[in-house]
Structures are given as C-alpha cells and as structure tokens.
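For reference, the structure discussed in these notes is given below.
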Amino acid sequence: MEDYLQDCRAALQESRPLHVVLGNEACDLDSMVSALALAFYLTKTSEAEDIFIPVLNIKRSELPLRGDNVFFLQEVKIAESALIFRDEIDLLALHQAGQLTLILVDHHMLPKSDAALEEAVAEVLDHRPIEQKYCPPCHVSVELVGSCATLVAERILQGAPETLDRQTAALLHGTIILDCVNMDAKIGKATLKDNEYVEKLEALFPDLPKRKDIFDSLQKAKFDVSGLTTEQMLRKDQKTIYRQGTKVAVSAVYMDLEKPQRYGMPLDHRCPLTTFACACLL
Numbered sequence: 001m002e003d004y005l006q007d008c009r010a011a012l013q014e015s016r017p018l019h020v021v022l023g024n025e026a027c028d029l030d031s032m033v034s035a036l037a038l039a040f041y042l043t044k045t046s047e048a049e050d051i052f053i054p055v056l057n058i059k060r061s062e063l064p065l066r067g068d069n070v071f072f073l074q075e076v077k078i079a080e081s082a083l084i085f086r087d088e089i090d091l092l093a094l095h096q097a098g099q100l101t102l103i104l105v106d107h108h109m110l111p112k113s114d115a116a117l118e119e120a121v122a123e124v125l126d127h128r129p130i131e132q133k134y135c136p137p138c139h140v141s142v143e144l145v146g147s148c149a150t151l152v153a154e155r156i157l158q159g160a161p162e163t164l165d166r167q168t169a170a171l172l173h174g175t176i177i178l179d180c181v182n183m184d185a186k187i188g189k190a191t192l193k194d195n196e197y198v199e200k201l202e203a204l205f206p207d208l209p210k211r212k213d214i215f216d217s218l219q220k221a222k223f224d225v226s227g228l229t230t231e232q233m234l235r236k237d238q239k240t241i242y243r244q245g246t247k248v249a250v251s252a253v254y255m256d257l258e259k260p261q262r263y264g265m266p267l268d269h270r271c272p273l274t275t276f277a278c279a280c281l282l
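The opening position of the sequence shown corresponds to residue 1 in full-length UniProt numbering, with each subsequent residue numbered one higher.
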C-alpha cells in the first residue's frame with residue numbers, strides 16, 4: 001500500500017480530476033481503515049486507471065489523539081507520513097474547478113461546513129441508520145452491521161478477491177474485531193455478516209493475529225494517553241457546550257491528574273483556555 005499512497009500524494013500535485021474517498025469527521029479506526037481499504041481496492045479495479053485517494057477527515061496534528069489508529073498503522077507498517085489529511089487537500093477548490101468526485105464511507109451526510117461539496121458526492125457506503133432528508137442524491141449503500149469495514153471487506157471479496165493483500169486484510173480484520181467488541185455474542189454488536197467476513201479474512205490469511213490479541217492491543221492503545229501532551233489529553237475526548245453566549249469545553253481525561261506531575265509531564269491549566277477559545281474548561 002505504501003507505493004499506492006505515494007502515487008496518491010503525487011496525484012495531488014497534478015491538475016487532474018480526483019476521486020476522493022472520505023471518512024467521517026471522527027476519523028476513528030473504522031473510518032480511517034474503510035477509507036484506505038476502499039480507495040485502494042477501487043484504484044486496483046478501475047478500468048480507466050483512475051486513482052482513488054483516501055482522505056482522513058481530520059488535521060494531521062490530530063492523529064496522535066487516536067491511539068488505536070496510530071498503533072495499528074505502526075502494526076501493519078504504514079507510515080503516517082504517507083497518509084493524506086483533510087488540511088492537506090482543498091476539496092472545495094477542486095469541486096469549484098469541476099475536478100472532484102466524492103465517495104463517503106462510514107457516514108452518509110456531510111456537515112454544514114461541507115454543504116457546498118454535496119453535489120460532488122457520487123456514492124455512500126455506511127453502516128448507520130440513514131437520515132433520508134440529509135442523504136445525498138446518489139448511489140447509497142447502507143446496511144446495519146457492526147463495522148463499516150465489514151461492508152468494505154464484502155465489496156472487495158465479492159468484487160475482486162485477488163486484489164486483497166495481507167496488509168489490507170489485517171486492517172479490515174482488526175477493525176471489525178474492535179468495533180464488534182471481539183465478536184462477543186453477549187454484547188451483541190456483531191451481526192452475522194460481521195462474523196462471516198472475519199471468518200473469511202481468517203481463512204484467506206491464516207497468520208492474522210488471534211482475535212483476542214488484536215482486540216486487547218487496539219483497546220489498550222485506544223485509551224492510552226501516556227504519550228500525549230496536556231493539550232492533546234484534553235482534546236482527545238472533548239465536548240463543547242454553549243450556554244447564553246458562553247462556550248464551555250468538557251474534557252474526559254483517562255488518567256489521574258496527579259500522574260502527569262508524577263512522571264514529570266507538564267500540566268499547564270492556563271494554556272487550554274486560550275487554545276480552545278473557551279471561557280471554562282471542565
């Protein structure tokens with residue numbers, strides 16, 4: 001996939017129409033992997049030799065906040081530097097120039113800030129209940145499964161299974177397992193289709209990690225804040241509330257606030273208020 005991602009970056013420098021596969025604004029593991037795997041597959045199977053570019057729908061500086069994403073990229077040996085982030089491509093300018101086609105994965109409606117791009121949406125692949133009044137007028141494929149990565153795996157294995165390599169299979173396999181809570185029937189997140197495609201991936205690549213091993217590793221990485229700065233810890237799980245003209249940021253921190261000081265990590269309570277442009281931080 002590294003060579004493919006380099007080709008994607010090179011394509012950004014050319015004046016040519018672009019096909020962009022865009023995940024959601026949360027850019028969780030499912031969104032990132034679904035965009036990468038689907039774009040890679042579409043590029044491999046394009047009769048016109050088009051390049052489909054996966055775009056992570058966050059700023060590059062925000063990737064460290066998603067510990068499971070960072071861990072999994074390292075695990076499958078994909079360099080962060082090879083990825084393309086939302087602040088590195090001007091989708092609006094491309095659309096205004098008539099050079100943009102969008103495919104949405106792991107979401108089916110654009111936020112208000114991207115409303116001008118709606119005309120460019122050519123396809124939607126999602127696993128959430130659809131909101132008809134917001135859905136773009138294009139081909140929409142929505143199925144209520146535990147992970148969007150399951151639908152991407154289905155598309156690949158039904159369309160051109162010979163294009164699936166171990167690296168992409170590992171990404172899809174681990175993501176489905178994390179989303180479906182290790183396929184635990186008691187929790188009930190995994191559907192029959194989720195189970196079916198995890199089994200198919202394991203049959204094709206028997207050396208994939210054991211389910212419990214990859215689930216435990218991803219789950220641990222998801223909540224690990226040990227490598228984050230104070231600002232990043234506060235951004236990791238933050239909600240914003242507006243009341244009577246006052247902006248309040250509420251952050252969940254996954255460690256005892258004494259720990260940063262204990263390990264010599266800087267803990268500046270003043271910086272975040274100016275950084276987040278809020279009156280109060282909880």
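Note that CB positions come from ideal geometry on N, CA and C, so glycine has one too.
- DSSP places PHE223 outside both helix and strand once states are collapsed to three, so it counts as coil.
- Within the stretch 63-119, the runs of beta strand (DSSP E) that reach at least 3 residues and sit entirely inside it are, in chain order, 100-105.
- Spatial neighbours of ASP184 in its own chain (CB-CB distance under 8 Å, excluding positions within 5 residues in sequence) are listed in chain order as ALA190.
- Per DSSP, reduced to three states, the secondary structure at THR175 is helical.
- Counted as a single uninterrupted DSSP element, the beta strand (DSSP E) harbouring ALA122 occupies residues 121-126.
- Sorting LEU172, ARG166, LEU91 by C-alpha distance to the C-alpha of ARG155 places LEU172 at the top.
- Distance between GLU202 and ALA26, taken at the CA atoms: about 28 Å.
- Rounded to the nearest angstrom, the gap between the Cα atoms of LEU18 and ASP106 is 20 Å.
- DSSP places VAL33 outside any beta strand (DSSP E); the residue lies instead in the alpha helix (DSSP H), whose first and last residues are 29-45.
- Remark: three or more beta-carbon pairs, one from each stretch, lie closer than 8 Å, so the stretch 172-181 and the stretch 139-156 are flagged as touching.
- A Cβ-Cβ distance of about 6 Å is found for the pair LEU110 and LEU117, placing them in contact under the 8 Å criterion.
- Each residue's CA atom was taken as its position, placing ASP3 and ILE241 some 43 Å apart.
- VAL142: member of the beta strand (DSSP E) spanning 139-142, first to last residue.
- The beta carbon of TYR197 lies closer than 8 Å to those of THR150, ALA153, GLU154, LEU157, LEU172, ILE176 in the same chain, with the five residues before and after it left out.
- In the structure shown, the three-state DSSP call for VAL181 is coil.
- Beta bridge pairing from DSSP links ILE241 with VAL248.
- For ILE156, the enclosing alpha helix (DSSP H) begins and ends at 148-159.
- In this structure, LEU100 sits near ALA120, with a CB-CB distance shorter than 8 Å.
- With respect to LEU102, ALA115 sits apart: the two C-beta atoms are not nearer than 8 Å.
- PHE52 and VAL33 do not touch by the CB rule: their CB atoms are close to 15 Å apart, not below 8 Å.
- Closest in C-alpha terms to GLN74, from the list ALA37, GLU14, LEU218, comes LEU218.
- LEU18: member of the beta strand (DSSP E) spanning 18-22, first to last residue.
- Between the C-alpha atoms of ASN195 and PHE71 there is a straight-line separation of about 24 Å.
- A straight line joining the alpha-carbon of PHE223 with that of THR43 spans about 34 Å.
- Sequence-distant partners of GLU80 (beyond 5 residues in either direction) whose C-beta falls short of 7 Å from its own C-beta, in its chain, are LEU63, LEU73.
- Apart from the 5 residues on each side of it in sequence, LEU94 sits with its Cβ closer than 7 Å to the Cβ of LEU18, LEU100 in its chain, given in chain order.
- VAL55: member of the beta strand (DSSP E) spanning 52-55, first to last residue.
- Boundaries of the alpha helix (DSSP H) around ASP7: 2-12.
- In terms of Cβ geometry, LEU12 and ALA35 do not form a close pair [threshold 8 Å].
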